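Participant:
In my numbering, the protein residues as written are 255 to 411.
1) Inspect the CB distances between the segment 346-356 and the segment 371-382 and report whether three or more fall short of 8 Å.
2) Should the segment 286-294 be regarded as contacting the segment 312-325, the criterion being three or more beta carbon pairs within less than 8 Å?
3) So is residue 366 buried or exposed if we call it buried at 16+ other beta carbons inside 10 Å?
4) Who pairs with residue 366 in a beta bridge, going by DSSP?
5) Measuring CA to CA, which of 332, 310, 323, 285 is closest to residue 296?
6) Spatial neighbours of residue 196 within its chain, please: C-beta separation below 7 Å, excluding the five flanking residues on both sides.
7) If the criterion is Cβ atoms closer than 8 Å, does the pair residue 357 and residue 336 meet it?
8) With the cut-off set at 8 Å, would you say residue 343 and residue 298 are in Cβ contact?
9) In three-state DSSP terms, what is residue 349?
10) Report yes if the CB atom of residue 354 is closer than 8 Å to the CB atom of residue 368, and no otherwise.
11) Considering Cα atoms alone, identify which of 304, 307, 280, 328 is closest to residue 315.
12) Using the Cα positions of residue 325 and residue 308, report the straight-line distance between them to the nearest angstrom.
Laid out in C-alpha cells, this is it:
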C-alpha cells in the first residue's frame, strides 16, 4: 500500500512539473554565442551588436523580450534581451552575446545545455501593501525555485 501511495505521489508531481514547464514555455537545448568579430554588426532589430551587452538572438520571441538563460551544467544564469533572429543552426535554441556567454561560463566550451524562459520582472510594490495584505507576493521563477531547492538538498547531505 505504501509503495502504491509513493508511486501515485511521484506520478502526480511529475505531471504537475511537466504541465508547469509547458505553461511557462521553458525551452531546453543548446546555446551558442556570437564570435567577437560580430562586434558593432547590425542585428535584425536594427540595433548594433556589442560584445559587452547582455543580448541574444532567438527565433520566435519578439525583439525586446527579456529571457532568463540557465546553464544546466553549473547552475549559472543570466537575463538577456532579444535583439536578433537566430540561431541559424537547427540544433541550437539561442545565440548569446559574448558577455552573456562569459557570465554563464560557456566561452571555453563553445556550447552549453541551457534552459530558457521568458523573464517577467516583478513590479515594484510598496512594503506597506504587502504588510497590510493588499497584495500577495508573486510566485518565484522556477529557475530560482530549483536553485533554492538544490541548495537546501545540498545543505542537508
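Ideal Cβ positions, reconstructed from N, Cα and C, are used throughout, including at glycine.
Bear in mind the structure is a predicted one, so any value in this text is a computation, not a measurement.
Facilitator: So, from the data block:
1) no
2) no
3) Along the chain shown, read from residue 1 onward, the residue named residue 366 stands at position 112. Buried: at least 16 other Cβ atoms inside 10 Å.
4) Residue numbering aside, residue 366 sits at position 112 when the chain shown is read from its first letter. The partner list for residue 366 (beta bridge, DSSP) reads 285.
5) For this step, residue 296 is matched to residue 42 along the chain shown. Closest by alpha carbon: 310.
6) In this structure the chain extends from 255 to 411, so residue 196 is not present and cannot be described.
7) Sequence index remark: in the chain shown, residue 357 carries index 103 (1-based). Sequence index remark: in the chain shown, residue 336 carries index 82 (1-based). No. Outside cutoff.
8) Translated into positions along the chain shown, residue 343 becomes position 89. Translated into positions along the chain shown, residue 298 becomes position 44. Not a contact, by the Cβ cut-off of 8 Å.
9) Stepping through the chain shown from its first residue, residue 349 is reached at position 95. Three-state DSSP puts residue 349 in a strand.
10) Start at 1 with the first residue of the chain shown, and residue 354 comes out as number 100. Start at 1 with the first residue of the chain shown, and residue 368 comes out as number 114. Against a cut-off of 8 Å, the Cβ pair of residue 368 and residue 354 comes out as no contact.
11) Position 61 of the chain shown, counted from the first residue, corresponds to residue 315. Checked all of 304, 307, 280, 328; the closest Cα to residue 315 is 280.
12) By 1-based counting over the chain shown, the position of residue 325 is 71. By 1-based counting over the chain shown, the position of residue 308 is 54. The alpha-carbon atoms of residue 325 and residue 308 are separated by roughly 15 Å.
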